[in-house]
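The next block holds one structure in the form of structure tokens; read it before the comments.
2 protein chains.
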Amino acid sequence: MNIVTTIAEVKQRTEEARNQGKTIGFVPTMGFLHEGHASLMKRARQECDFVVVSIFVNPLQFGPNEDFERYPRDEQRDRALAQDMGVDLLFCPTVEEMYPRASSVTVNVHKRVDVLCGKSRVGHFDGVATVLVKLFNIVGAHRVYFGSKDAQQAAVVQGLIEDFNIPVTLALCETVREQDGLAKSSRNVYLSQQERDQASLLYATLTQAATRLQAGENVQTIAAMVEAEIRNQTSGTLDYFEILSYPSLEQNINHDERVILAIAVQFSKARLIDNLIVSRQDQKEEGIHHV
Amino acid sequence: MNIVTTIAEVKQRTEEARNQGKTIGFVPTMGFLHEGHASLMKRARQECDFVVVSIFVNPLQFGPNEDFERYPRDEQRDRALAQDMGVDLLFCPTVEEMYPRASSVTVNVHKRVDVLCGKSRVGHFDGVATVLVKLFNIVGAHRVYFGSKDAQQAAVVQGLIEDFNIPVTLALCETVREQDGLAKSSRNVYLSQQERDQASLLYATLTQAATRLQAGENVQTIAAMVEAEIRNQTSGTLDYFEILSYPSLEQNINHDERVILAIAVQFSKARLIDNLIVSRQDQKEEGIHHV
Chain Y
0 MNIVTTIAEV
10 KQRTEEARNQ
20 GKTIGFVPTM
30 GFLHEGHASL
40 MKRARQECDF
50 VVVSIFVNPL
60 QFGPNEDFER
70 YPRDEQRDRA
80 LAQDMGVDLL
90 FCPTVEEMYP
100 RASSVTVNVH
110 KRVDVLCGKS
120 RVGHFDGVAT
130 VLVKLFNIVG
140 AHRVYFGSKD
150 AQQAAVVQGL
160 IEDFNIPVTL
170 ALCETVREQD
180 GLAKSSRNVY
190 LSQQERDQAS
200 LLYATLTQAA
210 TRLQAGENVQ
220 TIAAMVEAEI
230 RNQTSGTLDY
240 FEILSYPSLE
250 QNINHDERVI
260 LAIAVQFSKA
270 RLIDNLIVSR
280 QDQKEEGIHH
290 V
Chain A
0 MNIVTTIAEV
10 KQRTEEARNQ
20 GKTIGFVPTM
30 GFLHEGHASL
40 MKRARQECDF
50 VVVSIFVNPL
60 QFGPNEDFER
70 YPRDEQRDRA
80 LAQDMGVDLL
90 FCPTVEEMYP
100 RASSVTVNVH
110 KRVDVLCGKS
120 RVGHFDGVAT
130 VLVKLFNIVG
140 AHRVYFGSKD
150 AQQAAVVQGL
160 IEDFNIPVTL
170 ALCETVREQD
180 GLAKSSRNVY
190 LSQQERDQAS
200 LLYATLTQAA
210 TRLQAGENVQ
220 TIAAMVEAEI
230 RNQTSGTLDY
240 FEILSYPSLE
250 QNINHDERVI
260 LAIAVQFSKA
270 RLIDNLIVSR
280 QDQKEEGIHH
290 V
């Protein structure tokens, strides 16, 4: 595995790979890698000839009161994990390398952002889209891998790719969970032991909500159940629970073939998110499943 | 020359060319081609193996009170000219092909836009940058050609390419002029005979202004001279005359190696722009010259 820190090196090595007719798979991350990331790398490794992983904690996607400075970092462990997963090229740029000056241009995201995390994280997806446009141009990947845990991010990126005609295919991968159902996240380390125990309730509640939705229960009743569960069973505060069409993220859940049930809970030092994406038309037959 | 109207066809043909190891030159236009465009195609033809020209009147870069609907179009003549210039692929998409739905993302341009044309054309360069990001992704060109008549556009695009890491090189080409100095423009057809006669004064005045700048005269005095010239010698209205650093477009003209003297004059049915870009350090030695 090659580890590089400059854009020029990435361009050179990916150009070599392309010239050899290799397909390039790309996993953009903010580091502090866990099994969720590992599953993305594994799939990229299976599907592509040359696998690139980037580790970059992107300041543009953090709000002024968010956790950019204290976002967890462990470069050494990240390198070992990427190496284990058979990654070919690990790109770890500095902020100065990615943003050598105040940028003259940014991407503005107009759709799929006024719901879920976008409501409280104003400008967050502009920052995500901006750094991804840069990374797509630098890496020139054929396929890019995202986890469905960040389902809104994946929906926004799908729109970005389509509307900017970016020559890359998005592969959406299933959320990887702890044994008790808690979605893997770099931010789980911030949980106290008590909060960690309570946190499994996010997945349990989502599963229950999806079952009720399948049974034809209305969205308001389900939302009230979720709110009561989080209030009564955890020390956290419900930031949102929403049922929307996916990937359009419209209130009209008949807008797409799929529906997302998504939740965010603020604990003392960590805000956790989770979701289930279920097929609308086959709900009854297939039951709940991730896509 | 192949003429195509769909994004899929452009991608297919440019991919073929890339796979054959050809360098791709790209000239994005809004059509109604004149000798200015021809000079861009000629240079692309000289420097690249495969030349792509796009003709697309981009609604996103026109303001609500601008001339999108009545922007001049002559597809047949454009095709003949592109054919004559040895263009390989002419891309003439419809608005629906480029924007099949309201876009979820646009590019926001923050720098180099609050001066010159950007002052009165709010959002114009956002529209330019957005369509260019799309076209760059569709065409995958190695080199893109712009005329220095639209100097602010070229400066904005240079920033876009650098800050988004777009893998394309911008080639800036000299403004092509009529015999009396009037810069070639698709909008010149809107001039009355009297206005057409007066319009040569833009270039003459710019030349005079550059000479005075070289001689050490201060910017305010030069601006007053230009204003008086346009007021007294034409029926048009001076929209702006500015002397700025280039390509940063800063008021401090010592910011870059080059300086731009730029003018815009509103005639009854056409707003004309022109500029001179002169080298700052070599002014005395080389005199006025385009870059």
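As they're listed, the protein sequences go chains Y and A.
The first sequence begins at 0 in numbering that gives the first Met the number 0 and counts up by one.
The second sequence begins at 0 in numbering that gives the first Met the number 0 and counts up by one.
Backbone N, C-alpha and C define an ideal beta-carbon position, used for all residues, glycine too.
Remember, it's a predicted structure, so these values are computed and weren't measured experimentally.
Item, Value
"Burial state of Y/Thr-93 (16 or more Cβ within 10 Å)", "exposed"
"Limits of the alpha helix (DSSP H) - the one that A/Asp-125 falls within", "123–138"
"Spatial neighbours of Y/Phe-67 in its chain, beta-carbon cut-off 6 Å, leaving aside the 5 residues before and after", "Pro-58 and Phe-61"
"Contacts that A/His-109 makes with chain Y (C-beta to C-beta distance below 8 Å)", "Ala-101, Ser-102, Ser-103, Val-104 and Thr-105"
"Whole-Å CB distance - Y/Leu-88 paired with Y/Asn-1, under 8 Å assumed", "5 Å"
"Which listed residue (A/Ile-262, A/Val-264, A/Leu-243 and A/Ala-263) has its alpha carbon closest to that of A/Asn-254", "Looking at the sequence shown, residue 254 of chain A is not Asn but His. Measuring from the Cα of A/His-254, the nearest candidate turns out to be A/Leu-243."
"Assumed close pair A/Asp-162, Y/Ser-102 - CB separation to whole angstroms, cut-off 8 Å", "4 Å"
"Against chain Y: residues of the segment 15–33 of chain A by CB proximity under 8 Å", "none"
"CB contact below 9 Å: A/Asn-164 versus chain Y", "yes"
"Any chain Y beta carbon closer than 9 Å to A/Val-132", "yes"
"Any C-beta of chain A under 9 Å from that of Y/Leu-159", "yes"
"Proximity below 9 Å, CB of A/Leu-200 to CB of A/Leu-260", "no"
"Neighbourhood of A/Cys-91 by C-beta distance below 6 Å, restricted to the same chain and skipping five residues each side", "Thr-4 and Ile-54"
"C-beta contact flag for A/Ser-147 and A/Asn-274 at 9 Å", "yes"
"Cβ-Cβ separation, Y/Ile-137 to A/Asn-164 (assumed contact under 8 Å), whole Å", "5 Å"
"Nearest residue (CA-CA) to Y/Glu-173, options Y/Val-9, Y/Glu-34, Y/Ala-128 and Y/Gln-75", "Y/Glu-34"
"Residue from A/Pro-246, A/Leu-271 and A/Ser-267 whose Cα sits closest to the Cα of A/Arg-277", "Inspection of the sequence shows that residue 277 of chain A is occupied by Val rather than by Arg. Of A/Pro-246, A/Leu-271 and A/Ser-267, the residue nearest in Cα terms is A/Pro-246."
"Cutoff 6 Å; reference Y/Ala-182; Cβ partners in own chain excluding five residues on either side", "Lys-148, Thr-174, Arg-176 and Asp-273"
"Nearest candidate by alpha-carbon position, reference A/Thr-13, set A/Leu-271, A/Tyr-70, A/Ala-140 and A/Arg-120", "A/Ala-140"
"Per-residue burial, Y/Gly-24 [other beta carbons within 10 Å of its own, 16 or more giving buried]", "buried"
"Positions along the segment 40–67 of chain A whose CB lies within less than 7 Å of some CB in chain Y", "none"
"Exposure label - A/Val-26; buried when at least 16 CB within 10 Å", "buried"
"For A/Thr-13, the three-state DSSP class (helix, strand or coil)", "helix"
"Y/Gln-265, DSSP secondary structure in three states", "strand"
"Cβ-based contacts, 7 Å cut-off: residues of the segment 112–138 of chain Y near chain A", "Ala-128, Val-132, Lys-133, Asn-136 and Ile-137"
"A/Glu-256 to A/Ser-38 span [Cα, whole Å]", "25 Å"
"Where A/Leu-159 falls: helix, strand or coil (DSSP)", "helix"
"Residues that Y/Leu-243 bridges to, as DSSP identifies them", "Y/Ile-259"
"Meets three-Cβ-pair contact criterion under 8 Å: the segment 148–158 of chain Y and the segment 222–240 of chain Y", "no"
"Chain Y contact for A/Ile-229 (CB, 9 Å cutoff)", "no"
"Amino acids of chain A, ordered along the chain, whose beta-carbon sits closer than 8 Å to that of Y/Ile-6", "Asn-164"
"Cβ neighbour criterion (16 or more within 10 Å) applied to A/Val-264", "buried"
"Rounded C-alpha distance that separates A/Glu-216 from A/Gly-180", "24 Å"
"Element boundaries [alpha helix (DSSP H), containing A/Leu-275]", "Element bounds for A/Leu-275: not the alpha helix (DSSP H) but the beta strand (DSSP E), 270–278."
"Residues bridged to Y/Phe-90 [DSSP beta-bridge criterion]", "Y/Val-3 and Y/Ser-53"
"Reduced DSSP category for A/Ile-252 - H, G, I as helix; E, B as strand; rest coil", "coil"
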